[in-house]
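Residue numbers (my numbering): 5 to 86. Every residue gets a Cβ at the ideal spot worked out from N, C-alpha and C, and that includes glycine. The next block holds one structure in the form of structure tokens; read it before the comments.
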Amino acid sequence: KGIFKGKIVSEEGNRVFGVVVEIVGTGKTYITSPTGYFKIEDVPEGFYLVRFTYPGFNETEAVISIFGGEVVDLTMEFKVAA
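Here it is, written out as structure tokens:
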């Protein structure tokens, strides 16, 4: 099993607290810390769709792959909803 971690930043580069990070279909979610960081452990090997949601920002998705117990580290930039 692997680890999916990272941080969420705004267009201005500020870290965003309270973003819901969901690995779709696994039941694994995490809410970013006050410093914008998240860490989801014990993710089984495979390819996943990850959804990032926060009020006032555009919902964002990414595809990740985890194999061989690796750590996937991602910085995601959130854009303010128009």
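Exercise for the section: State buried or exposed for phenylalanine 82, treating a residue as buried only when at least 16 other CB atoms are found within 10 Å of its CB. Expected result: Counting from one through the sequence shown, the residue named residue 82 turns up at place 78. With 16 or more other Cβ atoms within 10 Å, it is buried.
Practice task
Can you tell me which of Glu65, Ile12, Val67 puts its alpha carbon nearest to the alpha carbon of proline 38?
Solution key: Reading the sequence shown from its first residue, position 34 is the one you call residue 38. Of Glu65, Ile12, Val67, the residue nearest in Cα terms is Ile12.
Exercise for the section: Thinking alanine 85 and phenylalanine 61 are a contact (beta carbons under 8 angstroms), I'd like their distance in whole angstroms, please. Expected result: Working through the sequence shown from its first residue, we reach residue 85 at position 81. Working through the sequence shown from its first residue, we reach residue 61 at position 57. Going by Cβ atoms, the distance from alanine 85 to phenylalanine 61 rounds to 6 angstroms, so yes, they are a contact pair.
Practice task
Check whether the Cβ atoms of threonine 33 and glutamate 26 lie closer than 9 angstroms to each other.
Solution key: Counted from its first residue, the sequence shown places residue 33 at position 29. Counted from its first residue, the sequence shown places residue 26 at position 22. In this structure, glutamate 26 lies closer than 9 angstroms to threonine 33 by Cβ.
Handout entry: Exposed unless 16 or more other CB atoms sit within 10 angstroms - verdict on glycine 10
Key = Position 6 of the sequence shown, counted from the first residue, corresponds to residue 10. Counting Cβ neighbours within 10 Å, glycine 10 comes out buried, since at least 16 surround it.
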